[in-house]
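Participant: Shown below is the structure under consideration.
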Amino acid sequence: MTTAAILQHLPYAAPFLFVDELIDIDEEKVTGRYTFQPDMPCYQGHFKGHPVTPGVLLTEVMAQIGVVCLGIYLLRDSIKQQFPTVAMTSTQVDFYLPVFPGETVEVKAEKIYFRFNKLKCRVSLYNAAGKLVCDGVIAGMIIYPQHA
Amino acid sequence: MDQATFITELREIVKPYAKNQDALAQISLSTDFINDLKINSANLVDVVLDVEEKYDIVIQNEEMERMLNVQAAMDIVNAKLQEK
Numbered sequence: 001m002t003t004a005a006i007l008q009h010l011p012y013a014a015p016f017l018f019v020d021e022l023i024d025i026d027e028e029k030v031t032g033r034y035t036f037q038p039d040m041p042c043y044q045g046h047f048k049g050h051p052v053t054p055g056v057l058l059t060e061v062m063a064q065i066g067v068v069c070l071g072i073y074l075l076r077d078s079i080k081q082q083f084p085t086v087a088m089t090s091t092q093v094d095f096y097l098p099v100f101p102g103e104t105v106e107v108k109a110e111k112i113y114f115r116f117n118k119l120k121c122r123v124s125l126y127n128a129a130g131k132l133v134c135d136g137v138i139a140g141m142i143i144y145p146q147h148a
Numbered sequence: 001m002d003q004a005t006f007i008t009e010l011r012e013i014v015k016p017y018a019k020n021q022d023a024l025a026q027i028s029l030s031t032d033f034i035n036d037l038k039i040n041s042a043n044l045v046d047v048v049l050d051v052e053e054k055y056d057i058v059i060q061n062e063e064m065e066r067m068l069n070v071q072a073a074m075d076i077v078n079a080k081l082q083e084k
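Top to bottom, those sequences are chains A and B.
Per full-length UniProt numbering, the very first residue in the first sequence carries number 1; after that it's consecutive.
Per full-length UniProt numbering, the very first residue in the second sequence carries number 1; after that it's consecutive.
Set out below in structure tokens:
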């Protein structure tokens, strides 16, 4: 599956799509990038007069690239018929540096396991200077429609 | 493996994931992981992976789907251990 096809399968759209490009993906790991546009509405309030990217959005970038994109790649053969519902089930993230409006970040994720429809990954996010911004463990599950 | 040993070992495995510590203290064969211990389905995956590691067994998808209470877990683990 090409990286372009993975992006097409993402279940997100603006203003909640947080993946711009995938650099590299295989069965074990993924690398992708996202740029926080300076005109994002969240900067008007986080914080007043001092815009900083909210940690929840950094976490979302990590989840969309590190868990959802990797999950789509791992499921590539079965999602052609029907895209399943996905849910983030746990996050444990430590933050080290702020990300300001206009910055491009790079996410690197490694699969810990993919078993019983749950994908758990170790995920790190770096700024354009290559410094670690935040890292942690994020997991998500695939939820197939219940059979009647 | 006898019932008492299994329940004691399983209690340690589920301890980090069980939200209902009172139910955990009362754990028995009829204890349901989701309804009684309040373990969510995502953490139930971790319970099953920890059970695999503890007993050095591999649990299949359909067995995972049945593993909803202590009795079912014990039956599956015992069957796997006998296959060895």
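Positions of the beta carbon are idealized from the N, C-alpha and C atoms, including for glycine.
For clarity, every value in this text was computed on a predicted model and none was experimentally measured.
Could you work out which residue in Lys-29(A), Val-30(A), Leu-57(A) and Thr-35(A) is closest to Cys-42(A) when comparing CA atoms only?
Facilitator: Out of Lys-29(A), Val-30(A), Leu-57(A) and Thr-35(A), Leu-57(A) has the C-alpha closest to the C-alpha of Cys-42(A).
Participant: Residues of chain B with a CB under 9 Å from the CB of Tyr-113(A): which are they?
Facilitator: The answer, in chain order, is Val-45 and Leu-49.
Participant: On the criterion of 16 or more Cβ atoms from any shown chain inside 10 Å, does Thr-31(B) qualify as buried, or is it exposed?
Facilitator: It is buried - the Cβ of Thr-31(B) has at least 16 other Cβ atoms within 10 Å.
Participant: Closer than 7 Å, Cβ to any Cβ of chain B: which residues of the region 86 to 109 of chain A, in chain order?
Facilitator: Flagged, chain order: Thr-89 and Ser-90.
Participant: In the DSSP assignment, find the unbroken alpha helix (DSSP H) run with Gln-3(B) in it and report its ends.
Facilitator: Unbroken alpha helix (DSSP H) run through Gln-3(B): 3 to 14.
Participant: Using a Cβ cut-off of 9 Å (strictly closer), state whether residue 124(B) contacts chain A.
Facilitator: The shown model of chain B, from 1 to 84, leaves out residue 124(B), and the question about it has no answer.
Participant: Closer than 8 Å, Cβ to any Cβ of chain A: which residues of the region 9 to 36 of chain B, in chain order?
Facilitator: Result list empty, no residue passes.
Participant: Spatial neighbours of Thr-85(A) within its chain, please: C-beta separation below 7 Å, excluding the five flanking residues on both sides.
Facilitator: Cβ neighbours of Thr-85(A) beyond the five flanking positions: Ile-143.
Participant: Using the beta-carbon of each residue, which ones in chain B are nearer than 7 Å to Lys-118(A)?
Facilitator: Under the 7 Å cutoff, chain B gives Ala-42 and Val-45.
Participant: Would you say Met-62(A) lies against chain B (beta-carbon separation less than 9 Å)?
Facilitator: Met-62(A) does not count as touching chain B.
Participant: Taking Cβ positions, are Phe-116(A) and Val-58(B) nearer each other than 9 Å?
Facilitator: No, the Cβ-Cβ distance between Phe-116(A) and Val-58(B) is not below 9 Å.
Participant: Please say whether Glu-60(A) and Phe-18(A) have beta carbons closer to each other than 9 Å?
Facilitator: Yes; because the gap between Cβ atoms is below 9 Å, this pair is in contact.
Participant: In the DSSP assignment, find the beta strand (DSSP E) that holds Met-141(A) and state where it starts and stops.
Facilitator: Met-141(A) -> beta strand (DSSP E) spans 132 to 143.
Participant: What number of angstroms, rounded off, separates the C-alpha of Gly-55(A) from the C-alpha of Lys-38(B)?
Facilitator: Approximately 28 Å, taken between the alpha carbons.
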